[in-house]
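Chains as they are written, first to last, in our numbering: chain S, 6 to 231; chain D, 9 to 309. Ideal Cβ positions, reconstructed from N, Cα and C, are used throughout, including at glycine.
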Amino acid sequence: MIITRPRDWARIEVRLDALGARRVFVMGCGQCATVAGTGGEAEVLEAKAVLERSGREVTGWSVGEVACHAGGQRLETREHASELAAADAVLVLACGAGVQTMADAVEDTPVLPGLESVFLGNVVRHGVFEERCQMCGDCVLDRTAGICPVTTCPKGLLNGPCGGMWNGMCEVLEDRECTHVRIRRRLAQQGRTGESVPLPPKDYSKKLKPGKVDLRAASHGKGGTS
Amino acid sequence: MSRLRTLLEEGTFVVTGEIAPPRGTDLSAMRASVELMRPACHALNVTDNQGASLHLSSLAASRVVLDMGVEPIFQQTCRDRNRLALQSDLLAAWTLGLENLLVVTGDDPRGGDHPQAKGVFDLDSTQLLEVASFANAGTDMLGRPLKGGTSFYLGAAMFPEAEPWDIQRARIEEKMAAGARFFQTQAVFDIDKLARATDVVHELGGKVIAGILLLRSLKAIDFINQRLAGLMVPETISDRIRGAADPGEEAVLLGIEQARAARDVADGIHIMPLGLDGQVARIVSEAGIVVEAAGLERNDL
């Protein structure tokens, strides 16, 4: 899931003031931002209260099923059409994808991010999220015993440890075990010690930027990615 | 041909020192450091934005050192440049007459003076060694011919005291397979651990230059323990500096002892003076190391 955290509220206020926005509509997200505790109903209502305390009017609010789904977001905006029409700005408590989906759905109204999108997270346990994958498009997990060095080494080194490793610990995040020590230990555990030969440099041309996958084009024989 | 390589391969015990380019364009302090160390050093490392903090480039500063008649060891980190820029700088370094290359990962930007910077790390140190080996073979990293290649003497960093040792050992083997011919170590405090590392390197035909760090004060020790990559000063050493009437003098005496001990184990010493540049010549001479013809003759250039 996409992990978000609250945006510095002062930055939101500055933008609302710059836009002269007295009336605001607040949109949350029923998926990731709800699980992350940043854009569910409780947080949307909290944002509403803060906006009202600073003298703004909240014309309406909604937490749709999933903020990044274009079709779903269009339905949501139709349901709240009059409240949105009355708003000078829309504050979206969702990831950047959700903010842009909303911006496409209400093109004539300024849309503001209410959260910062920080990473693709594993849910380690309830309320604890960790970044394990950066979606690089060139996976090395088969070579690294299922531990991604690009993501979990703070320097993103494919081969390591670097010179900063001390007693198996990382130099940058000192309370963490060095990713490369973990990788080599698990490879050894699997009887794969000899496999820890240097990995070649990553192929960044495989990172789709901007990413696009069109399954419909694929089914028409046009290739699924671009 | 690199004189450092010639000396090491003929079995001369070498001494290298270290200088940091200025944070600005005024080269006078750097030149003064070079003058202080040149009588005692066969070559000088020139650091690359050390501590992830802004300095004049190692490329330009290495050439300044060469122009002063001292052989530089051009340091390149993987932190600040992608593979295009790294290869481009390798070619530039060779055309500028820089023949020794030390490849290191580089400290994380979060510990430096521009913590907002993006750490590039497009290549890691092992990969950059491989890339430099390709340049030495006259091709780019994808194997396509260059119009004129390089012939660098390739070095890498090593930390003999870091555990787990089996991983350090594997790293030595990987870096040598990638082209490293000499290692410069981080500060050595335990000579037995240095010996286990040199055994591995010597078996593979490489050379080891042992790192000697001059710890002139408790402040310096704290700085190292807190800020420098993976260095931990043992308590026996810090107690000795703490208990000394003149900590600077004690650091020099310690350096002399370490240099003497390294003579029996390593192929050279690398002195990191941390401000005690003026003491390098004394350490070398009192350790009984003879540095003949330090620096370069002008006609070598």
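Can you find a CB in chain D that lies within less than 8 Å of the CB of residue i?
| i | result |
| --- | --- |
| S:M107 | no |
| S:N164 | yes |
| S:R197 | no |
| S:R189 | yes |
| S:K214 | no |
| S:D180 | no |
| S:V133 | no |
| S:R10 | no |
| S:C167 | yes |
| S:K160 | yes |
| S:G173 | yes |
| S:V186 | yes |
| S:P115 | no |
| S:R16 | no |
| S:V177 | yes |
Relative to the alpha-carbon of residue i, which residue among the options has its alpha-carbon at the smallest distance?
| i | options | result |
| --- | --- | --- |
| D:Q176 | D:L162, D:R204, D:L154 | D:R204 |
| D:G120 | D:K155, D:S10, D:Q58 | D:Q58 |
| S:V29 | S:G199, S:H85, S:C73 | S:H85 |
| D:E4 | D:G157, D:L222, D:R39, D:F82 | Here chain D has residues from 9 to 309 only, and residue 4 of chain D is not among them. |
| S:A21 | S:A47, S:G35, S:V55, S:C175 | Looking at the sequence provided, one finds Leu at residue 21 of chain S rather than Ala. Of the candidates S:A47, S:G35, S:V55, S:C175, the one whose C-alpha sits nearest the C-alpha of S:L21 is S:V55. |
| D:A274 | D:W173, D:A252, D:K215, D:G127 | D:K215 |
| D:F82 | D:L284, D:Q192, D:R290, D:G151 | D:Q192 |
| D:D200 | D:P168, D:L52, D:M45 | D:P168 |
| S:G199 | S:A92, S:R148, S:R79 | S:R148 |
| D:R250 | D:R268, D:M240, D:A228 | D:A228 |
| D:T147 | D:F231, D:L67, D:A51, D:Q95 | D:Q95 |
| D:M9 | D:A252, D:Q194, D:P80 | D:P80 |
| D:P117 | D:F21, D:D88, D:L136 | D:D88 |
| S:C141 | S:I152, S:T156, S:E51, S:E81 | S:T156 |
| D:G8 | S:D180, S:M107, S:K160 | In this structure chain D extends from 9 to 309, so residue 8 of chain D is not present and cannot be described. |
| D:A269 | D:T244, D:I217, D:A186 | D:I217 |
| D:E18 | D:G276, D:V288, D:V292, D:G286 | D:G276 |
The alpha helix (DSSP H) that contains residue i, what's its start and end?
| i | result |
| --- | --- |
| S:K53 | 46-58 |
| D:K215 | From DSSP, D:K215 is part of no alpha helix (DSSP H) but of the beta strand (DSSP E) over 215-221. |
| S:I188 | 184-194 |
| D:M290 | Before going further, note that residue 290 of chain D is Arg rather than Met in the sequence given. First-last of the alpha helix (DSSP H) with D:R290: 288-294. |
| D:F142 | 133-144 |
| D:V241 | Here D:V241 belongs to no alpha helix (DSSP H), and DSSP marks it neither H nor E. |
| S:T82 | 75-84 |
| D:E18 | Looking at the DSSP string, D:E18 is not in any alpha helix (DSSP H), and its letter there is neither H nor E. |
Between residue i and chain S, is there a C-beta pair that is closer than 8 Å?
| i | result |
| --- | --- |
| D:I220 | no |
| D:M280 | no |
| D:I175 | yes |
| D:V112 | yes |
| D:R11 | no |
| D:G214 | no |
| D:M240 | yes |
| D:Q194 | yes |
| D:F190 | no |
What would DSSP say about residue i, mapped onto helix, strand or coil?
| i | result |
| --- | --- |
| S:P11 | strand |
| D:A313 | The requested residue 313 of chain D does not occur in the structure, where chain D is confined to residues 9 to 309. |
| D:I229 | helix |
| S:V68 | strand |
| D:F197 | coil |
| D:E258 | helix |
| D:M9 | coil |
| D:M76 | coil |
| S:A38 | helix |
| D:L309 | Low local confidence applies: a pLDDT of 45 at D:L309 is under 50, so the model's placement there is unreliable, and no value is given. |
| S:S231 | Confidence is the limiting factor: at S:S231 the pLDDT is only 45, short of 50, which leaves the residue's position unreliable, though a coordinate-based value still follows. Note: S:S231 maps to coil in three-state DSSP. |
| S:E176 | coil |
| S:I17 | helix |
| D:H278 | strand |
| D:A68 | helix |
| S:V202 | coil |
| D:T85 | strand |
| S:V155 | helix |
| S:E62 | strand |
| D:A100 | helix |
| S:V238 | This structure cannot settle anything about residue 238 of chain S, because the visible part of chain S is limited to 6 through 231. |
| S:A94 | strand |
| D:V273 | coil |
| S:V218 | strand |
Where do the N-terminal and C-terminal ends of the beta strand (DSSP E) with residue i fall, by residue?
| i | result |
| --- | --- |
| D:T24 | 22-27 |
| D:L109 | 108-112 |
| S:M32 | 28-34 |
Nearest chain A C-beta to residue i closer than 8 Å, yes or no?
| i | result |
| --- | --- |
| S:M170 | Given the protein chain composition of this structure (S and D), no chain A is represented. |
Self-check item: Residue ranges of each beta strand (DSSP E) within the stretch 147-194 of chain D, 3 or longer
Solution: List check, beta strand (DSSP E) in window: 161-166.
Quiz item: What are the start and end residues of each continuous alpha helix (DSSP H) run of 4 or more residues lying completely inside the stretch 97-143 of chain S, in chain order?
Solution: Runs of the alpha helix (DSSP H) inside the stretch 97-143 of chain S: 101-110.
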